[in-house]
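Q:
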Amino acid sequence: MTALALRVVTLERLLADREKRIREDNRLWRLVVEEERAEAREQAKTVATSAARRERENLARSGGKARAGKLDRERRVEIARAGAEARWRRWRERRGVQPR
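Positions 141 to 240 (our numbering) are the ones given, in order, by the sequence shown.
1) For the alpha helix (DSSP H) that Asp212 lies in, which residues bound it at each end?
2) Quick check: the Cα distance between Ala222 and Arg207, rounded to an integer number of angstroms?
3) How many angstroms separate the CA atom of Ala191 from the CA atom of Glu225?
4) By the three-class DSSP mapping on this structure, what secondary structure does Gln183 have?
5) Could you check what DSSP says for Val237 in three-state terms: helix, strand or coil?
6) Pull up the distance between the alpha-carbon of Arg158 and that of Lys185, whole angstroms please.
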């Protein structure tokens, strides 16, 4: 082999090794990016879930007051009376007391 041929073979080996290292580096970086994306998606889902939960809790807190505000007085009295009757009925059934 001539000196030029040896130099060409040596350069080809160096380039092949370099390409292998570049491919390996790219593979590792791809894994890192995919892992970060997965973590970001999970975190975004958690944030969205907790935001939705807070929104539901806020709506639930104002639910009864908002409903009462929309009902007229007579309907509120009917609902309260029916609730009281149901509570007393359960109390009597548990204790075996007959209504008067």
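Yeah, the Cβ is synthetic: ideal placement off N, Cα and C, and Gly gets one too.
A: Judging by the given coordinates:
1) Premise fails: Asp212 is in no alpha helix (DSSP H) and is neither H nor E.
2) 16 angstroms
3) 39 angstroms
4) helix
5) coil
6) 40 angstroms
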